[in-house]
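Residue numbers (our numbering), protein chains in the order written: chain A, 7 to 663; chain B, 7 to 663.
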């Protein structure tokens, strides 16, 4: 029960939604030029101010006639009419069609006085003395009867002045823009875009593009740009306020300015408690805190309130009065985007008059079972995999609350799991709220080792997702049935039922500084020398080959492997990706690292080869027939091109021993 | 066979598609700031240039420790460590954690030297002499053991320098923008937007917002703005070139300039043959005509070609060489948009690297049977009606090739009907290519009389479509089973099974100029006097009441109605909408018109009442339970508000006789 206690004062998700619904984010309507109106929503009904067409208009090329003159005419017994002139589109008729006469007319031209119908040119023939002369014919034989109004679009027949053309709340797509243009409308009243101010509150945050001082623990500000893009997508106008750093007076000034200039102010949780204190203080002094914490994972740090306007040095022209809405988001990027997607984006859309896009949610089925039971709603970040088998996509949980920014692109959206749901079964139907209506679930999911040749392979595929979890973890996941394929480097203990799609080898060894200043010649130098080393994690295939080589060396010396690893300074120090040890070497943090000949060569380091290892792409047997997997296999058939210019790489035929 | 002959030289739709695929519309990649990159498509793979995080980072608030110091600690037997300082996020650690010591640490802060794990604050207690003093505690009791790395995110653990972050062709949504920001990337290489020049070629076309001279047959240019919006939607950058009018040298100059400045030049068919001649001449002199006419209705006038670049007075900075693609579209707005949607938009998307949105097509079922058999593919404009009954939406053909711009908003998309298909059955499944991925099928379809109170009613509904086809045609369509409801004014002969949802009455009569200069007092003045009159069409309920009144007058005079109508000057002259006759009166084109007291009053005319007629909203019996129809009925319950301030309108209860 102790875990539940802390949620006692938290608002329910429904209460949070209601509090946000009660905020007034709606900006005043505005008038925009039609050419900028695509995607906007009409603020009011548009009635036609003119008749379209504005005149009786020929709708065929032919001859304008008095219909009565053609009565009785047919192929056998044509009627002849005197040709008195011609009328072209865009010109004022300078003829009158009297009884017994006709005038040549082009599609779109004004019907001349007297005429009430058009005979299509195909049903006429030029006759008379001058029919071959340059001056043209003087008589026209009409071989059909027409009724008054035939092939004539009368004035206002398309749309008449005063008629309802487009209703309020109509979203303007190209065709509505076309209709507005037909009516001569060149600017339209549309719903305003809510201005949404985004205030950064973390001392450690640096704007992308600026220099980062990692020794001070600085990181790039992810949430401001992510949320700004989300605001824009939802139909709002994001305004990024400058960083206040750790100057709390400045932060307060910025919050007040944002309130004065915007309909909604968003901040995302700072890890600095004092920054949160400033926000509290500003809201309490000049505003209302409506709720503070929501019983939803990850919404605990969420704040909802109002900020009074007035008194700031707001930008000129900002004449807003009253209050601005305020919502505080969690700090972790996936959490911030999750709460934004679930609670804030719908409010912005509503204020902008924009409907939720049909692609904002998809139905899926759980690819694995998932246990849960914290007694509050969970917004579970999930990845999707579209098997294109006519079924809804597979759904698997991805983020474990680590705050990783990579989860942003590994997760496609969130599933709202009810507080009472303790277990989601494999195969269970769930609704996924996508992080963006533009998110397309990948059609291929790979897991396993990271490798430069693999990166090239992935570049050739359409919309793959690859999670570089290492060879061992990759095989485990393949066995558990979610991914299509695993990429496995080096030897492996795991016996997983899989189909080999292709394989290459890569040369691995010890990466040392350029020129090999410590004269490293092999593994023994790491064990016996005084070198600082950096390793790869145990899930990595490189590590497995390294450990096997150490085992061989230990056997040669009648020692245990543990005896040797104890003597390697840095054996336990592991870094994540294939380039990471090499970069440590370059940075001078270490004397040697586990790596590939390719990476050493590319980044200008020395390299001591310890051997070659196979890298195999292995598919789940039940996925081999999928089109995306077949494309992967096809791309692997072009191995020579994939491996070209990669030092230490070579082709390994599937039939090689 | 004669009809087929003319298609002998036309390209097949497949050949047209291939010719367009062969055109090179792809612009060079460009670099854009991340904040403007949403919706763009990466031109190349993005690898991480830095480790994220760039340092070993505490992922919990607590104490940074040497994990080894905590081994064996538990609730019963805590370990005490000396507190040597504190590290905050965004600050450089100024302490070292030696054996037996710890440092307070905030989430996100840099791990101080010596420490390799974090104990959560919840599992610790402040102890020692100074625990209550202002200087803070000097010792911390740790009640749990932690392993090295616990609650620490190591440098590069999120994403490591050198790792593949985003693949080429990734569409950038908020989450990808977040990942790019985490990597410090503030500008990205993206696929360029194809520049698409739009050249207007009709003498009669006037840009919206400018003055229109209807007597010269001028109309507003619909296609330029419609296609420009479509280009933008497909990921291109539209460039509208100024009108050349009928100056053919100028038109040639513009075409060449557009070719020099753009990747693709579009023109839409002019009704003027000479304009087409200029296009031909320019393409033949400096380019290639690849195909000329496509065997698809309405694609006959379609042109595909290339225009050589060079020699024009192109805008400075336009350094394109080689060729520009050229496509000529038909002239009717719906035809132009249809051909654009089917052939051109996919090519622009492809060149921009944009996938076709999932909402670009929908599956539907034919609401009526449709016969066809011209021996070429038909791109049939259709309307949709989403019954929200779990089935796919109803599909019905709408445009009969009239060139009406209203078809733009009455049609939601097109169905490609195979040349061999002679009949589409009612209920048959069809795929509808929507005119825009943003098109939302209406949820209510009404047909019938036009009426000012009805316009207000429609404004209160969400996404209705109403076709003002008149009472008689409305009832016919209701009987045929497509619409949900018909609005019927005045008496009717048709006996259609329908449910009355609500009803009001409106006063109708003769609209005359302000002050009634001809002293009109009733119907007899139209018959016996010398007045010019303007009528409404026979489908209109107003016309039916007018004819009935004339019938009564004829009976009084022992004459036939025809005897009377023959004597009304303008009886056969009909105009489309309820305001149209009033506007004719105001313009001085006529002395009297058939209309409503409401319209006469609103537009400042005189009015001679001839009676009241009921306007009834009648629903198809099988649609009454639909939510959208229930909303219509609900809105009708608020009739008093709908009718307020409408002169001549009154409520008619459903129970009134």
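The beta carbon of each residue, even a glycine, is placed where N, CA and C say it ideally should be.
Just by C-beta distance, which residues in the stretch 392-411 of chain A are closer than 9 Å to chain B?
408, 409, 410 and 411
Distance between residue 462(A) and residue 50(B) (C-alpha atoms, nearest Å):
11 Å
Between the stretch 577-611 of chain A and chain B, which residues of the former have CB atoms less than 9 Å from a CB of the latter, in chain order?
578, 580, 581, 582, 583, 584, 585, 586, 588, 589, 605 and 609
Have a look at residue 530(A) and residue 539(A) and give me their C-alpha separation to the nearest angstrom.
13 Å
Would you say residue 223(B) faces chain A, with C-beta separation under 7 Å as the test?
yes
Please report the straight-line C-alpha distance between residue 377(A) and residue 418(A), rounded to a whole angstrom.
20 Å
Is residue 6(A) helix, strand or coil by DSSP?
Any question about residue 6(A) goes unanswered here, given that chain A covers just 7 to 663.
Give, in chain order, every residue of the stretch 90-115 of chain B whose Cβ lies closer than 9 Å to some Cβ of chain A.
93, 94, 95, 96, 97, 98, 99, 112, 113, 114 and 115
Helix, strand or coil, according to DSSP, for residue 592(B) in the structure here?
Of the three classes helix, strand and coil, the one that applies to residue 592(B) here is helix, per DSSP.
Residue 235(B) vs residue 585(A) beta-carbon contact at 7 Å:
Against a cut-off of 7 Å, the Cβ pair of residue 585(A) and residue 235(B) comes out as no contact.
Within 10 angstroms of the Cβ of residue 13(A), are there 16 or more other Cβ atoms? Answer buried if so, exposed if not.
Summary for residue 13(A): the model assigns pLDDT 42, below 50, so the residue's position carries little reliability, and this model does not support an answer.
Below 6 Å, is the gap between the Cβ of residue 84(B) and the nearest heavy atom of the ligand ATP?
Looking at this structure, you won't find the ligand ATP or any other ligand, since it has none at all.
Where residue 615(A) falls, given that 16 or more other Cβ within 10 Å makes a residue buried:
exposed
Sorted by chain position, which residues of the same chain lie with C-beta nearer than 6 Å to residue 296(A)'s C-beta, five sequence neighbours on each side aside?
25, 310 and 311
What are the boundary residues of the beta strand (DSSP E) that residue 635(B) is part of?
Run containing residue 635(B): none in the beta strand (DSSP E); it sits in the alpha helix (DSSP H), 633-643.
So, is the C-beta of residue 466(A) closer than 7 Å to a C-beta in chain B?
False, the Cβ-Cβ gap to chain B never drops below 7 Å.
I'd like to know if residue 29(A) contacts chain B, where contact means its C-beta is closer than 7 Å to some C-beta of that chain.
no
Report yes or no: is there a C-beta of chain A within less than 7 Å of the C-beta of residue 232(B)?
yes
Of all Cβ atoms in chain A, is any one closer than 7 Å to the Cβ of residue 574(B)?
Residue 574(B) does not count as touching chain A.
From this set, 123(B), 509(B) and 107(B), which residue's C-alpha is nearest residue 113(B)'s C-alpha?
123(B)
Just the Cα atoms here: how many angstroms apart are residue 98(A) and residue 410(B)?
22 Å
Quick one: which residues of the stretch 33-50 of chain A get their C-beta closer than 9 Å to a C-beta of chain E? List them in chain order.
In the structure shown, chain E cannot be found, because the protein chains are A and B.
Is residue 15(A) buried or exposed, if buried means 16 or more other CB atoms sit within 10 Å of its CB?
exposed
Assuming residue 624(A) and residue 505(A) make a contact with CB atoms under 8 Å, what is their CB distance in whole Å?
7 Å
Three-state secondary structure (DSSP) of residue 574(A)
coil
Would you mind reading off the limits of the beta strand (DSSP E) that contains residue 330(A)?
329-335
May I have the straight-line CA-CA distance separating residue 503(A) from residue 342(A), to the nearest angstrom?
Answer to the nearest angstrom: the Cα atoms are 39 Å apart.
So, for residue 648(A): in the same chain, excluding its five sequence neighbours on each side, which residues have a beta-carbon less than 7 Å away from its beta-carbon?
459, 462 and 463
Between the stretch 60-68 of chain B and the stretch 381-393 of chain B, do at least 3 Cβ pairs fall closer than 8 Å?
no
Please return the same chain residues whose Cβ sits closer than 8 Å to the Cβ of residue 570(A), not counting the five positions on each side in sequence.
533, 556, 559, 560 and 563
Quick check on residue 394(B): buried or exposed, where buried means 16 or more other Cβ atoms within 10 Å of its Cβ?
The residue is exposed, with fewer than 16 neighbouring Cβ atoms inside 10 Å.
Three-state secondary structure (DSSP) at residue 417(A)?
coil
Please state the DSSP three-state secondary structure of residue 137(B).
Unreliable placement is indicated for residue 137(B), whose pLDDT of 49 sits below 50; the coordinate value is still reported in the next sentence. In the structure shown, residue 137(B) sits in coil (DSSP, three-state: anything other than H, G, I, E or B).
Determine contact between the stretch 341-359 of chain A and the stretch 224-242 of chain A, defined as no fewer than three beta-carbon pairs at a distance below 8 Å.
Yes, since at least three Cβ pairs between the stretch 341-359 of chain A and the stretch 224-242 of chain A fall closer than 8 Å, the two stretches touch.
Kindly indicate the opening and closing residues of the beta strand (DSSP E) around residue 613(B).
Per DSSP, residue 613(B) belongs to the beta strand (DSSP E) from 612-625.
Could you tell me how far apart the beta carbons of residue 358(A) and residue 47(A) are, in whole angstroms, since I believe they sit closer than 8 Å?
7 Å
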